[in-house]
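Beneath this line is the structure, given in structure tokens, with notes to follow.
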Amino acid sequence: MTRPRGRPTHGKGMTRDDVLAAALQLLDESGGHGLTLRTLAARLGVTPMSLYHHVGDHAGLLRALSDRVYAEVMAAVDELPDRRTEIQELLFRYYRAVGRHPQLTLAIFTTPEAFAGVTRQITDRLTTLLAGLTAEPVLWRDILVDHAHGSGLALASVRHEQAEALQEQYRLALDRLLNHLVEKERAGTHGHVSPLASHMHDPVPIPRDKR
């Protein structure tokens, strides 16, 4: 039903889900610069002040959106059989979420206060998992997350029929990165293979960059 013209309302009857659905649509359409409490209020036909009850300020709105979009990334990951599988699944889910809503990722980049909630949980979980594979978990976390960001943003720019091939390419690249990580740690132990590393897949040689 179309909202009648006139002065904005105070949002009576409007739910948090209504706010977040409209905000995500506006963000996808207009990017981070186009999503403000004022433009969102205009989209909903309410006053900007009525939004504070639901999302607080702009950073709070982005946090709420990231919790909504990235919630599936963390769903039931602790039921996966091992660290390697969990890392792969976390990153692949995150990569696809970035591909679906790239403007949210870019908006969070420019609003550090929005980095909290589920996005923080994903980061912390990856750090913990990687600590069981490498002596440099933060370095490898940053490498893998940056790779997911870049690949996810590229995914957002292709046509639907190309997406499947890109997703398979990302899976292969991620597998090789993790193989390299494990092989690096094996080499660092001077021939001693940890019980955890022994459960990993056999390493796949990483092709050299010929550029």
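The sequence shown begins at 875 in the working numbering and counts up by one.
Cβ coordinates follow ideal geometry from the N, Cα and C atoms, glycine included.
{"Query": "Of the residues Gly-908, Ala-950 and Leu-1004, the one placed nearest His-932, counting alpha carbons only", "Result": "Gly-908"}
{"Query": "Terminal residues of the alpha helix (DSSP H) in which Arg-1060 lies", "Result": "1034 to 1062"}
{"Query": "CA nearest to the CA of Ala-945, picked from Ala-1005, Val-992, Leu-1055 and Tyr-969", "Result": "Val-992"}
{"Query": "7 Å CB neighbourhood of Leu-964 in its chain, flanking five on each side removed", "Result": "Val-947, Val-951, Ile-996, Arg-999 and Leu-1000"}
{"Query": "First and last residue of the uninterrupted alpha helix (DSSP H) at Phe-966", "Result": "957 to 974"}
{"Query": "Per-residue DSSP class, three states only, for Thr-889", "Result": "coil"}
{"Query": "Proximity of Arg-917 and Ala-896 at Cβ, strictly below 8 Å", "Result": "yes"}
{"Query": "Inside the region 971 to 1021 only - alpha helix (DSSP H) runs reaching at least 4 residues", "Result": "976 to 983 and 992 to 1005"}
{"Query": "CA-to-CA distance, Lys-1058 to Thr-979, given in whole angstroms", "Result": "31 Å"}
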